[in-house]
Amino acid sequence: MRHFSFSTLAFLTLSLFSVSPTLASEWVVKQQGEERSDITTYVRDAENSPIKQFRGVVETQHSIFSAMSVINDISVCQEWIYNCQEAHYHFTEDGEKFLWMMFDGVWPASDRDLVMKSAFKQEEVDGPVTVQSIGWPKGAPEQEDYVRIPMLNNSFYLEPLADGWTRITFTTQVDPGGLVPAWIANMVATDAPIRTLEGLQKMMKKEPFNNYDEENVPTELVEKHNLRFSTLGS
């Protein structure tokens, strides 16, 4: 397993500030969830872009380990990420690794593909985990049948709660590229993340993801991303 270069990690870390959950005072509620497990959504204007930023917040009865395991497993991306056709890793000639994803286009838009890098980040033992993803459009050759997504900035902020539930804050901004009017791009930019959060909730209920908790920690995943949990003696 290859690791990100220092420059890549620095870029991903700096990018966290643009989608940090601490900036919520600027967000406008779009839809307020009624139950604890309902998704509450927010939008806000983005600086220097007609494409709005989106945020969805939901609490789930499953553990943070369940959420991390779903997000980490690219073999199930098609089952929960909105309109995802395919996901696989792409290695460059010098061994650099990217995640390459293909999406069904939302009419009238053509199919899209996305090349990105992701990193898991945790500040303290047993603390929240941020999964940050940044689009890397030059990371793989462009394909004739797909329009390359030129910009993506995603974060899943996974916060373990005292009663065993997990609060998930999904913040994203994506430019779909191509000749797509801003109003269509904004419609997709708000609908797709909601569907993705709903898909994540459903996926966490399935095996093996629903089995992960403090008594059954996915050790390989935790060690792979240098995460620290007291249940593992970290």
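Mapped onto mature numbering (1 follows the signal peptide of the UniProt record, and there is no 0), the consecutive letters of the sequence shown carry residue numbers -24 to -1, 1 to 210.
Quick reminder that beta carbons are idealized off the backbone N, C-alpha and C, glycines included.
- Listed in chain order, the non-local C-beta contacts of Ile57 below 8 angstroms within the same chain comprise Ala63, Met77, Thr172 and Gly175, local neighbours out to five positions each way being set aside.
- Pro126 has its alpha-carbon roughly 20 angstroms from the corresponding atom of Phe146.
- When only Cα atoms are considered, Ser131 and Thr36 end up about 17 angstroms apart.
- Assignment of Phe146 by DSSP, reduced to helix, strand and coil, places it in the strand class.
- Leu75 and Asp139 have their alpha carbons spaced roughly 34 angstroms apart.
- Separation of the CB atoms of Ser25 and Asp151 is rounded to 7 angstroms, and the pair is thereby assigned contact status at 8 angstroms.
- Here Ala63 is bridged, per DSSP, to Met77.
- Take Gly154, set aside five residues on each side of it, and the residues of its chain with a beta-carbon closer than 6 angstroms to its own are Val123, in chain order.
- Taken in chain order, the complete beta strand (DSSP E) segments of 3 or more residues contained in the stretch 142 to 205 are 142 to 151.
- Distances from the alpha-carbon of Gly115 to those of Leu128, Met92, Gln149 and Gly9 put Met92 closest.
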